[in-house]
Every structure is written in structure tokens, then in C-alpha cells.
Amino acid sequence: MTEHHQVLNPATEEVVATVAATTPEGVDTAVAAAAKAQQGWAALAPADRARGLRRFAAEVDAHAEELAALEVREAGHTLGNARWEAGNVRDLLDYAAGGVERLSGRQIPVAGGIDLTFHEPIGVVGVIAPWNFPMPIAAWGTAPALAAGNAVLLKPAETTPLTALRLAELALSAGLPEGLFQVLPGAGPVTGTRLVEHPDVRKIVFTGSTAVGKRIMEQCARQVKRVTLELGGKSPNIVFADADLEKAAAAAPMAFLDNAGQDCCARTRILVQREVYERFLELLVPAVEAVRVGDPSDPATEMGPLISAVQRDRVRSLVTDDLPVAARGSAPEGPRFW
0 MTEHHQVLNP ATEEVVATVA ATTPEGVDTA VAAAAKAQQG WAALAPADRA
50 RGLRRFAAEV DAHAEELAAL EVREAGHTLG NARWEAGNVR DLLDYAAGGV
100 ERLSGRQIPV AGGIDLTFHE PIGVVGVIAP WNFPMPIAAW GTAPALAAGN
150 AVLLKPAETT PLTALRLAEL ALSAGLPEGL FQVLPGAGPV TGTRLVEHPD
200 VRKIVFTGST AVGKRIMEQC ARQVKRVTLE LGGKSPNIVF ADADLEKAAA
250 AAPMAFLDNA GQDCCARTRI LVQREVYERF LELLVPAVEA VRVGDPSDPA
300 TEMGPLISAV QRDRVRSLVT DDLPVAARGS APEGPRFW
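Under numbering that gives the first Met the number 0, the sequence shown has 324 at position 325, and the numbering climbs by one with no breaks.
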């Protein structure tokens, strides 16, 4: 029996869409179609593949506002961020198209002759994208894989499948072969696991938590399958005593509040040289309080909601009432993930 996932608007908790999850059998069917499409795609002249990717980029560009609005609804991103994301997908496709004709091998002089190397496509590539930047991170794995002559199966996060599904439709509108770029919504332990374990998927690209990344690496190792991982990180802002404190304090809030802090390179700490600590804090507090939180579809909004109730509760648990806190913000009232 096919499961269905509800996609909620994080700013309202309204149901945006209901999406069917891909079963393990559905993954197998998709892999077979991708493998067939990949052979024809790889056989094309490089210039023809490049033209296909540029047509795809043009379709994304023509529908950028639609994609941005969809991202606002499914991920709660601010409108400005969502517009950047749609533009980034377009730019990545254009960039990858520019590299297609440069995927040449190398001539290596050796004693008595020359060795030749060739770059050949892997085959079917599985891309597992997270919910914090659904469009760009999906494109980071998809665009270069397509450019190199591979087929791509994209598994988006359960909470943010809609932009991925729309991108797959735009790829078909651009003339990319049926089956070459498919989106497989579903849960990680079901859809994602089958994608990772399938013997005909020869590479996995994963962005997400370190814990899940380790498991994927273990699963890929059993088949000596190539894997690219982008996992969690911790990044500080560092403020020295000779810094422009006003400028540093003004810039600091969006280093950790952009995308509501849901970013693997968000600054989780600010390290300040002791002698300017008090002055920096005096400047930082009003800068943080000035950040505009609200409806992500309003162009003036700087910070929207978190992606889900799970994330909201996790964030709230980090700062308890007994801790000394320099500033506390407020959140919009009502049901949603503020």
C-alpha cells in the first residue's frame, strides 16, 4: 500500500499538498528507466547535452517566480531567499552546461609512449537532498551529474518535495529524455535506503546529518559504491578587539538567523576578544532585536518560521528559562512553527 506524506506550510500549518511516497518497488522501476535513458543521453555529442541543460536552465528561469513561491509555501523561506534559490538552480545548470565540452581526458607522457585517460559517466546517480535548501542543494548534485552524461534520481526530504517535482516537470518541458531526471519522494529509511542499496545506482550524493551520512557511507562501502557527503558543521564568528565593532555587530545577526538558522554553516557561536566583549554585546542586542520576523511571503520579512514542529521544539529546548540570556525575541501567535 502506497503511503502519502502531507506537505505543510510552516508559516500557517496548512496542508499545501499530499504527495505519494515512492515504494522500494517504485525505486526499482525508476532505476531501470534511468539506466535506459542514461545510455542514450551519454551517447549524445557533448554540445547536444550542453544545449539540453541550457534549455533546462531557461525553463527554470522562466518559472523562477513560481518556484520561489512554491519554496515559500513548502519550506517557509523568505521570498528573497527563495528567489535566490531558484536563480541558483538556473545558474548551476548553465555552469554545468559550460563544462560539458571540457570533460576531456589527459595525455600523460610515459617512457616509450603516451598514456591516454578518458572521463566516462558513472551511470545512474542518486541524489538525496535535505529540507533546509531544497532547490540549490538538489541542483548541486544533479547539474554536474547530468552534464557528465549520467541519469539522476533525486530523493527530496519528506517535508519539501514540491520544488523538486516541479523541476522534474521543467526538465521534461526542456526536452530532456524521459527517465533521465526523476524525483522519488518518500521517507529516508524506505525510499532513501533502497536508492542507496540498489546495485545499479553507482553513486550517492547526500547532504544531511553526520549520523545518517555515516550509515550511507557504510551501505555504499558494501558495493564499493562512490559517495559524496556534505554533513553537519559548526562555524563561529570571531571578533577581535581591533575590528569595526559597529559593522561586526550589524552583520552578525543574519549570520545565524538567515533561513531561521537552518544552515550547516550558520554561526553557532560568536567569539569576542575579552576587552571589547561588553561593548560588542551592547551593539549586538539591538541588532538582533531589529530583525523582522513574520510572513515569509512578505518581501520585508528577514526571518521566517522553522521547517517543522520537531525543529521548533528542538530549538526551544536549547535555551531554558534559568539561563542568562541577553535578549529574547517574540514570535507570531497561533499554529505554526515559530
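Glycine included, C-beta positions come from ideal geometry on N, C-alpha and C.
Residue burial classification, residue i (beta-carbon count within 10 angstroms, cutoff 16)
| i | result |
| --- | --- |
| L270 | exposed |
| F239 | exposed |
| L283 | buried |
| C219 | buried |
| H3 | exposed |
| F117 | exposed |
| L322 | exposed |
| L69 | buried |
| E84 | buried |
| R193 | buried |
| K379 | Nothing about residue 379 can be reported from this structure: the residues present for the chain run from 0 to 337 only. |
| V195 | buried |
| G112 | exposed |
| K340 | Residue 340 lies beyond the range of the chain shown here (0 to 337); nothing can be said about it. |
Where residue i falls: helix, strand or coil (DSSP)
| i | result |
| --- | --- |
| G112 | strand |
| V318 | coil |
| V290 | coil |
| V324 | coil |
| L179 | coil |
| L166 | helix |
| A19 | strand |
| L171 | helix |
| L305 | coil |
Integer Cβ distance of residue i from residue j, believed to fall under 8 Å
| i | j | result |
| --- | --- | --- |
| A182 | P155 | It should be pointed out that residue 182 corresponds to Val in this sequence rather than to Ala. That belief holds up - the Cβ atoms of V182 and P155 are roughly 6 Å apart, short of 8 Å. |
| G79 | P298 | 7 Å |
| F279 | A248 | 6 Å |
Residue i versus the options, residue with shortest Cα-Cα distance
| i | options | result |
| --- | --- | --- |
| A170 | L152, T159, T158, A186 | L152 |
| G39 | R50, W139, F255, A150 | A150 |
| R221 | K202, A137, S208 | K202 |
| A173 | P298, D257, A61 | A61 |
| G178 | A186, V200, P184, A167 | A167 |
| R72 | W130, A49, G97 | W130 |
| D199 | R82, V26, A16, E301 | V26 |
| A41 | V123, D243, E281 | V123 |
| G86 | I107, A56, L228 | A56 |
| P135 | A330, M253, A81, V223 | A81 |
| E229 | I121, P334, A137, V309 | A137 |
| L244 | M216, A67, R273 | R273 |
| E119 | D262, A16, A308, G104 | G104 |
| A147 | A44, V324, T77, G191 | A44 |
| R89 | R101, G51, A110, G125 | G51 |
| A308 | Y94, A74, A254, V59 | A74 |
| A250 | H197, E24, V287 | V287 |
| L164 | G333, A32, G112, A19 | A19 |
| G293 | D114, R315, W337, T267 | W337 |
| T21 | A96, R101, P160 | P160 |
| A34 | L92, F180, T77, R101 | F180 |
| D58 | A29, R48, T28, D93 | Per the sequence shown, the amino acid found at residue 58 is Glu instead of Asp. With distances taken between Cα atoms, E58 lies closest to D93. |
| P252 | D241, S329, T267, D320 | T267 |
| T77 | A95, V314, P108, N8 | N8 |
Within-7 Å CB hit, residue i to chain D
| i | result |
| --- | --- |
| H3 | No chain D is present in this structure, which holds just one protein chain. |
Inset, instruction - May I have a chain-ordered list of the alpha helix (DSSP H) segments no shorter than 4 residues that lie completely inside the region 198-284? - result: Within the region 198-284, the complete alpha helix (DSSP H) runs of at least 4 residues are 209-221, 244-256.
Legend entry - Contiguous alpha helix (DSSP H) assignments of at least 4 residues, all confined to the region 34-85: As far as the region 34-85 is concerned, its whole alpha helix (DSSP H) runs of at least 4 residues are 45-61, 63-74.
Inset, instruction - Please specify which runs of the beta strand (DSSP E), each continuous and at least 3 residues long, are wholly inside the region 80-162, giving them in chain order. - result: Within the region 80-162, the complete beta strand (DSSP E) segments of 3 residues or longer fall at 106-109, 112-115, 123-127, 150-154, listed in chain order.
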